[in-house]
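Residues in the sequence shown are numbered consecutively from 11, following the numbering used here.
The structure appears below as structure tokens.
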Amino acid sequence: MSFAFTPKEQSRVEVAAFLGIHLDPISYIDLSTIIVLGTMYFFEFIALCYQLRNRDYLPLRVKNVPVMCSLYVGGVSWLLGDIFTGGLVHLGQSPVLRNCKFTAIWLRICIGAYYVTSLFALRCYSLYYVFCKGKAFRGRVMLISLGVAGLSIVAFGGVSMVLPTRMTVWYEEILDMCNYNHTYVLCVLLVIWAIWAYTAVMTWKMRKIPFCFNERVEIFTSFGILLVVSLLNSVCLLVFSVYPAYLGWRTAL
11 MSFAFTPKEQ
21 SRVEVAAFLG
31 IHLDPISYID
41 LSTIIVLGTM
51 YFFEFIALCY
61 QLRNRDYLPL
71 RVKNVPVMCS
81 LYVGGVSWLL
91 GDIFTGGLVH
101 LGQSPVLRNC
111 KFTAIWLRIC
121 IGAYYVTSLF
131 ALRCYSLYYV
141 FCKGKAFRGR
151 VMLISLGVAG
161 LSIVAFGGVS
171 MVLPTRMTVW
181 YEEILDMCNY
191 NHTYVLCVLL
201 VIWAIWAYTA
211 VMTWKMRKIP
221 FCFNERVEIF
231 TSFGILLVVS
241 LLNSVCLLVF
251 SVYPAYLGWR
261 TAL
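Pasting the structure below:
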């Protein structure tokens with residue numbers, strides 16, 4: 011996969027200009043972004059392995075290692091979805107990458123954004139259930155909560171897959187990138203922000219609860235980081251209909 015400014019890439023830029031679209035060519039800056047993010051996730055993987063190895067240590071056990079592993083898997087899926095649909099690589103050489111419905115709907119949205127935000131919301135709800143209601147978060151309550159979240163994600167992905175391509179996301183061969191339907195983007199963002207609103211309510215209700223191992227710091231820090239990421243994504247997707255064409259935006263997100 012080339013990151014050099016080849017004659018083919020120059021032709022792509024010229025075609026985009028003819029269509030009235032400013033297109034920054036895929037370059038080694040995109041490759042550097044992928045390397046930096048990959049390195050970050052590699053070190054996170056090492057930290058996760060450390061957590062798994064020392065999962066019986068109480069301060070680590072209360073962090074709920076299975077949830078941390080699930081969040082990591084969702085984060086990796088989100089990263090791959092961003093790379094494949096965010097204009098950082100060429101898609102034309104691979105039929106898998108040209109299948110924007112798979113990379114965008116499943117990798118980026120469902121297993122990525124929806125799964126991570128839903129899991130974080132469940133994490134907050136479980137802490138609220140334990141510390142505010144004084145009940146153990148297990149058994150039927152836990153199964154129902156996980157079932158509702160999981161079925162919602164699968165249902166959204168399934169419905170998105172059966173909808174006509176032009177109503178969701180498709181591969182734009184001329185520009186060699188994935189293109190989103192604006193209405194579909196709005197629906198996705200509405201669901202994400204509904205989850206964040208619920209998470210914010212749960213977090214606010216736990217603001218005065220004394221925790222033993224800095225869970226409050228963990229919750230507010232994670233909430234803040236993911237909230238900023240979601241906010242940047244929302245602004246970018248709403249303002250720039252073809253944001254992968256802009257080097258600054260696609261490398262920032």
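Even glycine gets a Cβ: it sits at the ideal position worked out from N, Cα and C.
What you are looking at is a predicted structure, and each value in this text was computed from that prediction instead of being measured.
In the DSSP output, what is residue i paired with across the bridge?
i           : result
residue 181 : 188
Counting only the same chain and skipping the five closest in sequence on each side, list residues whose C-beta sits under 8 Å from that of residue i.
i           : result
residue 112 : 106
residue 31  : 185, 252 and 255
residue 145 : 139 and 151
residue 192 : 251
residue 27  : 33
residue 216 : 134, 137, 138, 141, 142, 226 and 229
residue 211 : none
With a Cβ-Cβ cutoff of 8 Å, do residue i and residue j count as a contact?
i           : j           : result
residue 140 : residue 130 : no
residue 173 : residue 247 : no
residue 214 : residue 240 : no
residue 190 : residue 201 : no
residue 36  : residue 261 : no
residue 75  : residue 65  : yes
residue 123 : residue 88  : yes
residue 163 : residue 120 : yes
residue 263 : residue 92  : yes
residue 219 : residue 142 : yes
residue 33  : residue 13  : no
residue 181 : residue 108 : yes
residue 29  : residue 127 : no
Let me know if residue i comes out buried or exposed under the rule of 16 or more other beta-carbons within 10 Å of its beta-carbon.
i           : result
residue 209 : buried
residue 156 : exposed
residue 165 : exposed
residue 168 : exposed
residue 50  : exposed
residue 158 : exposed
residue 258 : exposed
residue 16  : exposed
residue 43  : buried
residue 231 : exposed
residue 149 : exposed
residue 125 : buried
residue 48  : exposed
residue 97  : buried
Who are the Cβ neighbours of residue i in its own chain at under 7 Å, not counting the five residues just before and after it?
i           : result
residue 95  : 110, 113, 114, 118 and 188
residue 25  : 184
residue 86  : 51
residue 233 : 209 and 213
Would you please verify whether the beta carbon of residue i is less than 8 Å from any beta carbon of chain B?
i          : result
residue 95 : No chain B is part of this structure, which consists of one protein chain only.
Can you give me the Cβ contacts of residue i inside the same chain, cut-off strictly under 6 Å, excluding the 5 residues immediately before and after it?
i           : result
residue 90  : 117
residue 170 : 115 and 178
residue 244 : 199
- Message: Across the region 94-113 and the region 130-143, are there enough close Cβ pairs to call them in contact, namely three or more that are closer than 8 Å?
- Response: Result no; under three Cβ-Cβ pairs closer than 8 Å.
- Item | Cβ contact (3+ pairs, closer than 8 Å) linking the region 15-26 and the region 76-90 | As far as the Cβ criterion goes, the region 15-26 does not touch the region 76-90, which means the pair count is below three.
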